[in-house]
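Enquirer:
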Amino acid sequence: MSQQETHGFQTEVKQLLHLMIHSLYSNKEIFLRELVSNAADAADKLRYEALTQDDLYEGDGELRVRISTDKEAGTMTIEDNGIGMTRDDVIEHLGTIAKSGTADFFKNLSGDESKDTQLIGQFGVGFYSSFIVADKVTVRTRAAGHSASEGVLWESAGEGDFTVETIEKASRGTVITLHLREEEKEFADDYRLRSIITKYSDHISVPVEMYKEGTPEQEGPDGPEGEKIPAVEGAWEPMNKATALWTRNKSDITDEEYQEFYKHISHDYSDPLKWSHNRVEGKQEYTSLLYLPAKAPFDMWNRDRKHGLKLFVQRVFVMDDAEQFMPSYLRFVQGLIDSNDLPLNVSREILQDNKVTTSLRTAVTKRVLGMLEKLAKNDAEKYQSFWGEFGQVLKEGPAEDFANKERVAALLRFASTEGKGSAETVSLTDYVSRMQEGQDKIYYIVADSYDAAANSPHLELLRKKGIEVLLMSERIDEWLVSHLTEFDGKKLHSVTRGDLELGSLEDENEKEAQEKLETESAPLIERVKTALGDKVSGVKVTTRLTDTPACVVAAEDDMSTQMMKMMQAAGQAVPESKPVFELNPEHPLVARLNEEQAEDVFVQWSELLLQQALLSEKGSLADPSAFIKLMNGMLMANLK
Numbered sequence: 001m002s003q004q005e006t007h008g009f010q011t012e013v014k015q016l017l018h019l020m021i022h023s024l025y026s027n028k029e030i031f032l033r034e035l036v037s038n039a040a041d042a043a044d045k046l047r048y049e050a051l052t053q054d055d056l057y058e059g060d061g062e063l064r065v066r067i068s069t070d071k072e073a074g075t076m077t078i079e080d081n082g083i084g085m086t087r088d089d090v091i092e093h094l095g096t097i098a099k100s101g102t103a104d105f106f107k108n109l110s111g112d113e114s115k116d117t118q119l120i121g122q123f124g125v126g127f128y129s130s131f132i133v134a135d136k137v138t139v140r141t142r143a144a145g146h147s148a149s150e151g152v153l154w155e156s157a158g159e160g161d162f163t164v165e166t167i168e169k170a171s172r173g174t175v176i177t178l179h180l181r182e183e184e185k186e187f188a189d190d191y192r193l194r195s196i197i198t199k200y201s202d203h204i205s206v207p208v209e210m211y212k213e214g215t216p217e218q219e220g221p222d223g224p225e226g227e228k229i230p231a232v233e234g235a236w237e238p239m240n241k242a243t244a245l246w247t248r249n250k251s252d253i254t255d256e257e258y259q260e261f262y263k264h265i266s267h268d269y270s271d272p273l274k275w276s277h278n279r280v281e282g283k284q285e286y287t288s289l290l291y292l293p294a295k296a297p298f299d300m301w302n303r304d305r306k307h308g309l310k311l312f313v314q315r316v317f318v319m320d321d322a323e324q325f326m327p328s329y330l331r332f333v334q335g336l337i338d339s340n341d342l343p344l345n346v347s348r349e350i351l352q353d354n355k356v357t358t359s360l361r362t363a364v365t366k367r368v369l370g371m372l373e374k375l376a377k378n379d380a381e382k383y384q385s386f387w388g389e390f391g392q393v394l395k396e397g398p399a400e401d402f403a404n405k406e407r408v409a410a411l412l413r414f415a416s417t418e419g420k421g422s423a424e425t426v427s428l429t430d431y432v433s434r435m436q437e438g439q440d441k442i443y444y445i446v447a448d449s450y451d452a453a454a455n456s457p458h459l460e461l462l463r464k465k466g467i468e469v470l471l472m473s474e475r476i477d478e479w480l481v482s483h484l485t486e487f488d489g490k491k492l493h494s495v496t497r498g499d500l501e502l503g504s505l506e507d508e509n510e511k512e513a514q515e516k517l518e519t520e521s522a523p524l525i526e527r528v529k530t531a532l533g534d535k536v537s538g539v540k541v542t543t544r545l546t547d548t549p550a551c552v553v554a555a556e557d558d559m560s561t562q563m564m565k566m567m568q569a570a571g572q573a574v575p576e577s578k579p580v581f582e583l584n585p586e587h588p589l590v591a592r593l594n595e596e597q598a599e600d601v602f603v604q605w606s607e608l609l610l611q612q613a614l615l616s617e618k619g620s621l622a623d624p625s626a627f628i629k630l631m632n633g634m635l636m637a638n639l640k
């Protein structure tokens with residue numbers, strides 16, 4: 001008995017359908033690539049499942065994708081004899097977008113069709129791309145291993161809802177029929193379709209066939225709504241090589257084929273930035289095909305986001321998102337690995353502790369780092385583009401991958417005081433190469449923003465001396481420098497912690513002048529210590545300021561301001577610490593403070609300078625209203 005139900009689309013699906021129908025007008029043929037890719041994936045999944053359940057083939061082990069058209073009816077049909085879907089699968093996969101980052105995707109839509117087209121590409125278009133050219137889509141499917149009576153009919157006009165009905169379907173797999181819009185009937189033209197299929201399917205590892213016109217047909221075994229099958233052998237002709245692209249010689253593969261294969265496995269809309277195809281023979285045999293995407297997906301920072309390589313064993317697809325072969329800091333890499341040394345029935349649990357897995361992970365990690373090094377060396381502009389998309393992810397590397405820490409560190413990029421803005425970056429290698437004679441440290445500052453870092457008073461003396469400082473302003477930077485403590489034998493030193501430690505960059509005359517200043521200012525320092533009490537851990541004459549009256553710094557062993565902010569944002573307890581208060585006795589305000597005889601006014605001035613320094617360092621105060629009250633009181637007193 002047929003059971004039909006009507007379901008409403010998930011809200012996000014409605015939005016995506018509307019967007020694709022109205023935005024992808026210049027790239028309509030993209031729908032065919034998506035549907036053929038899905039059909040090929042279904043064949044790959046069946047091939048794997050059948051390794052342990054041979055009866056899933058149901059006597060038909062020749063996996064394929066078939067495409068046909070009906071000009072009179074204005075329809076186009078894509079059929080596969082892959083794994084198929086159950087009723088629950090249909091409702092889940094064709095009624096919702098099961099993709100992390102969905103909310104962020106829609107939040108970033110601008111309403112500008114040309115810009116939104118690119119956003120769709122980063123999100124992935126999938127099955128719903130059918131509605132770019134069709135005003136109605138019909139799907140008939142049956143899961144392999146299920147009875148003919150468990151077929152499912154799904155139908156929708158791509159608006160608010162879809163229907164699901166139980167039907168008889170003799171053969172396993174999925175048949176998608178697109179009822180083409182009047183203005184899209186070009187896709188029912190045999191010649192037009194063949195040119196598109198050839199373009200998009202040569203890398204597909206199963207045969208993609210088209211029905212040869214002029215061959216008599218008869219009704220298929222599925223009844224009136226069943227697919228038609230040819231009555232004559234050879235009525236279907238292959239349109240692709242049907243050979244796994246990565247098994248072919250590199251010299252026989254065009255850039256276009258590599259690019260289309262990337263889009264097939266990633267469902268990305270744009271071309272990859274770079275790729276590496278490598279075959280290893282000998283003690284260990286495997287093939288890898290690795291891609292660097294041009295754009296980051298919206299869910300890059302989502303903890304639930306799946307990542308990893310497609311795993312094939314002896315050319316048989318085993319699993320998606322095999323994260324065991326790629327460290328987390330390289331999770332943006334797309335591609336596959338095909339091993340001859342793993343068992344066909346390998347599971348994620350077995351992979352976790354497998355020596356072959358460890359060896360392959362080491363090898364592909366080095367290959368990706370090599371790709372990035374070549375890109376950085378040979379095309380700085382492209383590498384800068386990559387860095388803008390994935391730089392924050394790569395910064396996780398020094399903490400995660402001790403064996404490659406130095407290689408990863410050389411790939412990092414930072415803004416600096418020598419640049420003209422946040423977009424102009426420098427590598428640690430370049431920084432070291434232009435260090436001043438006698439400089440033995442890499443100086444850096446971490447702040448909430450580029451502007452806060454670039455304008456920090458902590459940089460005043462270093463700027464005066466022409467010493468370059470790295471300007472770090474991303475949330476991950478403080479965590480990064482806690483693990484990356486040196487590079488090329490040079491220690492990284494924060495200009496906001498402890499002593500500035502200029503070493504031989506400070507000449508003898510400067511040292512003598514500093515010592516004299518400290519001696520002369522000793523009474524002032526003691527008075528300020530008494531005035532501020534336990535609000536600070538210490539008071540001293542600064543070695544880093546030239547134009548600012550005072551600043552606060554973290555003691556060498558204390559947690560930095562930025563690390564405390566990170567922990568607080570994560571809801572973690574922060575150990576109590578008090579700053580070191582540094583005064584610039586040569587500044588007019590501090591000179592005025594030193595002359596103040598009235599002790600209560602002296603305390604107020606000391607408190608005001610401390611609060612100013614804290615505000616400059618932290619960007620906020622624990623009690624801003626008290627600071628405003630103090631400042632207003634002092635202003636009023638000076639108006640009298």
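The sequence shown runs 1 to 640 under UniProt numbering.
Even for Gly, the Cβ is constructed at its ideal location relative to N, Cα and C.
In this text the structure is predicted, and so the values were computed from the model without any measurement.
(1) Ignore the nearest five residues each way along the sequence and tell me which others in Val280's own chain have a CB closer than 6 angstroms to its CB.
(2) Which word fits Ser130, buried or exposed, when buried means at least 16 other C-beta atoms lie within 10 angstroms of its C-beta?
(3) Which value, in whole angstroms, describes the spacing of the CA atoms of Glu418 and Lys464?
(4) Looking at the strands, I want to know which residues DSSP matches up with Val280.
(5) Can Ile196 and Glu29 be called in contact, C-beta distance under 7 angstroms?
(6) So, using beta-carbon positions, are Leu309 and Phe325 closer together than 7 angstroms?
(7) Check whether the Cβ atoms of residue 661 and Trp154 sit closer than 7 angstroms, and answer yes or no.
(8) Relative to the alpha-carbon of Glu323, which residue among Thr358, Val316 and Pro297 has its alpha-carbon at the smallest distance?
(9) Please state if the CB of Gln562 and the CB of Glu478 are separated by a distance shorter than 7 angstroms.
(10) Around the C-beta of Lys169, are 16 or more other C-beta atoms found within 10 angstroms, so that it is buried, or is it exposed?
(11) In chain order, what are the residue ranges of uninterrupted beta strand (DSSP E) at least 3 long that sit wholly in the segment 568-607?
(12) Is the Cβ-Cβ distance between Leu35 and Ile78 less than 7 angstroms?
(13) Taking the straight line between their C-alpha atoms, what separation do you get for Thr247 and Lys241?
(14) Mark Gly84 as exposed unless 16 or more other C-beta atoms lie within 10 angstroms of its C-beta, in which case mark it buried.
(15) Just to confirm the assignment, what range does the beta strand (DSSP E) spanning Gln334 have?
(16) What is the DSSP secondary structure of Arg348, reduced to helix, strand or coil?
(17) Compute the Euclidean distance between the alpha carbons of Leu614 and Asp558, then round it to the nearest angstrom.
(18) Does the Cβ of Ser422 lie closer than 6 angstroms to at least one heavy atom of the ligand SAM?
(19) Whose C-alpha, out of Glu183, Asp88, Ala157 and Ala134, is nearest the C-alpha of Arg142?
(20) Mapping DSSP to helix, strand and coil, what is Asp41?
(21) So with Cβ pairs under 7 angstroms, would you call Phe627 a contact of chain D?
(22) Pull up the distance between the alpha-carbon of Ser147 and that of Glu5, whole angstroms please.
(23) Using DSSP with H/G/I as helix, E/B as strand and the rest coil, what is His493?
(24) By a C-beta neighbour count over all protein chains shown, 10 Å radius and 16 as the cutoff for buried, is Pro272 buried or exposed?
(25) With burial defined as no fewer than 16 other Cβ atoms inside 10 Å of the residue's Cβ, what is the status of Glu183: buried or exposed?
(26) For Val469 and Ala598, I'd like the C-alpha separation in whole angstroms.
(27) Comparing C-alpha positions only, which one of Lys377, Leu360, Asn340 and Trp301 sits nearest to Leu394?
(28) Check Arg33 in the structure and name its three-state DSSP category.
(29) Need the endpoints of the alpha helix (DSSP H) that Pro297 sits in, please.
(30) Does the beta-carbon distance from Gly82 to Ala50 come in below 7 angstroms?
(31) Using C-beta distances below 8 angstroms, list every residue in its chain close to Ser625, excluding the 5 sequence neighbours before and after it, in chain order.
(32) Determine which residues share a DSSP beta bridge with Tyr444 and list them.
(33) Relative to the alpha-carbon of Thr542, which residue among Val553, Thr530 and Val333 has its alpha-carbon at the smallest distance?
(34) Buried or exposed: Leu635, going by 16 or more other Cβ atoms within 10 Å of its Cβ?
(35) Taking C-alpha atoms, which residue in Glu400, Asp451 and Arg434 lies nearest to Lys420?
(36) Per DSSP, which one or two residues make a beta bridge with Ala554?
Expert: In brief:
(1) Excluding its 5 nearest sequence neighbours in each direction, Val280 has C-beta neighbours in its own chain below 6 angstroms: Tyr286, listed in chain order.
(2) Burial check for Ser130: the Cβ neighbour count within 10 Å reaches 16 or more, so the residue is buried.
(3) Distance from the CA of Glu418 to the CA of Lys464, rounded to the nearest whole angstrom, comes to 13 angstroms.
(4) In DSSP, Val280 forms a bridge with Tyr286.
(5) Yes, the Cβ-Cβ distance between Ile196 and Glu29 is below 7 angstroms.
(6) Against a cut-off of 7 angstroms, the Cβ pair of Phe325 and Leu309 comes out as a contact.
(7) Because the chain is modelled from 1 through 640, residue 661 falls outside the range shown and cannot be assessed.
(8) Of Thr358, Val316 and Pro297, the residue nearest in Cα terms is Thr358.
(9) Remark: C-beta atoms of Glu478 and Gln562 approach each other more closely than 7 angstroms.
(10) Classification of Lys169: buried, given that the 10 Å Cβ count is 16 or more.
(11) The segment 568-607 contains these whole beta strand (DSSP E) runs: 580-583.
(12) Cβ distance < 7 angstroms, so Leu35 and Ile78 count as in contact.
(13) Here the alpha carbons of Lys241 and Thr247 stand approximately 12 angstroms from one another.
(14) When all chains shown are included, Gly84 counts as buried.
(15) For Gln334, the uninterrupted beta strand (DSSP E) segment begins and ends at Gln334 to Ser339.
(16) Secondary structure of Arg348 (DSSP, three-state): helix.
(17) Cα-Cα distance, rounded: 16 angstroms.
(18) Ligands in the displayed structure: none, and consequently the ligand SAM is not present.
(19) Answer by Cα proximity: Asp88.
(20) Asp41 falls in the helix class under three-state DSSP.
(21) Annotation note: the requested chain D is absent from the structure, which comprises a single protein chain.
(22) The straight-line gap from Cα to Cα measures roughly 20 angstroms.
(23) His493 falls in the strand class under three-state DSSP.
(24) It is buried - the Cβ of Pro272 has at least 16 other Cβ atoms within 10 Å.
(25) Around the beta carbon of Glu183, a 10 Å sphere encloses fewer than 16 other beta carbons of the protein chains shown; the residue is thus reported as exposed.
(26) So the two alpha carbons sit approximately 41 angstroms from each other.
(27) Nearest C-alpha to Leu394: Trp301.
(28) Arg33: helix per DSSP, three-state reduction.
(29) That residue, Pro297, is in no alpha helix (DSSP H); it is neither H nor E in DSSP.
(30) Pairing Gly82 with Ala50 gives a Cβ-Cβ distance that is not under 7 angstroms.
(31) Answer for Ser625: no residue qualifies.
(32) DSSP links Tyr444 through a beta bridge to Leu470 and Ser494.
(33) When Val553, Thr530 and Val333 are compared, the shortest CA-CA separation from Thr542 is found for Val553.
(34) An exposed status is given to Leu635, since fewer than 16 other beta-carbon atoms sit within 10 Å of its beta-carbon.
(35) Closest by alpha carbon: Asp451.
(36) According to DSSP, Ala554 shares a beta bridge with Arg497.
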